[in-house]
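This report concerns only the one structure given below.
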Amino acid sequence: MKDTKIKICGVNDIDIAKYIYNINLDYLGLVFCKNSVRNIEIDIAKDICSLERKETKNVALFMDSEKNFIKNIIKEVNVDIIQFHGMEKDSFCSQFDKPFIKAVSYQNKELLLNLDQHYPNAYAFIVDSHQEGEMGGTGTTFQEKNLSFSSKKPILVAGGINSTNVINVVKTYNPYGIDVSSGVESSKGIKSIKLIKELVEIIKNE
């Protein structure tokens, strides 16, 4: 489990970002969706992404956003990867000259078994408990144990992951990584260093 990659998504506080960078987690997610409680203002995102970091990759999350909006964020903010959480097709996701992650609902069984065919240019996939076209971070966990997905690309799992269930999630699905949002929040949209530390220690010490 100690090799499991960790992505903390929905970061909108510079102190949380500093902590994530200092402990060198794998991915830091920034949400650029106005209807999300985790939405980040561009100036704060720029400040976060200008901080010194080692290997942490900055990920910008969008959901059915306009092309020009995405291009502007990429131009203004130092992000490494784009994540798409809506109904975007591979052709749309591929046009921004950045590696992209596609989030897919665990309920879309046909897509899960044909990820590479639908998104041949993806850098990685996130299998989430959200409905297609809905924002993640709901805290809803997977409702089944026999989840099947197929891809030659890295797959992260998401959906209500926290320090109490992370061991079970990783042992059940054996993913490349986990994507955590609500599970490390003290209240909705507010990340907690204490909860992030607890989760990371469990993964690294298992």
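Each residue of the sequence shown is one higher than the one before, counting from 207 in the working numbering. Where is the CB? At the ideal position from N, CA and C, for every residue including glycine.
- Looking at Val390, Gly389, Val363, Ser387, the one whose alpha-carbon comes closest to that of Lys377 is Val363.
- In the structure shown, Leu405 adopts helical secondary structure according to DSSP, grouped into three states.
- Between the C-alpha atoms of Ser354 and Gln313 there is a straight-line separation of about 10 Å.
- Contact between the region 252-261 and the region 390-400 is absent: fewer than three C-beta pairs spanning the two stretches fall below 8 Å.
- The criterion of a C-beta distance shorter than 7 Å is satisfied by Asn264 and Leu234.
- Every alpha helix (DSSP H) of 4 residues or more that sits fully in the region 216-274 is shown, in chain order, as 220-228, 248-255.
- Residue range 296-299 is occupied by the alpha helix (DSSP H) that includes Phe298, with no beta strand (DSSP E) assigned at that position.
- Per DSSP, Lys400 has no beta-bridge partner at all.
- Counting the other Cβ atoms within 10 Å of the Cβ of Asn218 gives 16 or more, which makes it buried.
- A direct Cα-Cα distance of roughly 24 Å separates Leu321 from Val285.
- Under a 10 Å Cβ-count criterion, Lys358 is classified as exposed, with fewer than 16 other Cβ atoms of the shown protein chains found around its own Cβ.
- Annotated as proximal: Ser335 and Gly365, with beta-carbon spacing under 7 Å.
- From the listed residues Val390, Glu407, Lys410, the smallest Cα separation to Leu401 is found for Val390.
- The residues Ser356, in chain order, have a CB closer than 6 Å to that of Leu319 in the same chain once the five nearest residues on each side in sequence are set aside.
- In the DSSP assignment, Val310 forms a beta bridge with Val333.
- If the five residues before and after Tyr227 are omitted, its C-beta is found closer than 8 Å to the C-beta atoms of Leu234, Leu257, Glu258, Arg259, Lys260, Thr262, all from its own chain and listed in chain order.
- Distances from the CA of Gly216 to each of Lys208, Met207, Asp209, Phe268 were compared; the closest alpha carbon is that of Phe268.
- If you draw a straight line from the Cα of Met207 to the Cα of Phe331, it is about 19 Å long.
- Comparing C-alpha distances from Phe298 to each of Phe238, Asn368, Tyr325 shows the shortest one belongs to Tyr325.
- Check the Cα spacing between Glu404 and each of Thr370, Val375, Tyr379: the tightest is with Thr370.
- With respect to the C-alpha of Ile280, the residue from Phe238, Asn374, Leu231 having the closest C-alpha is Phe238.
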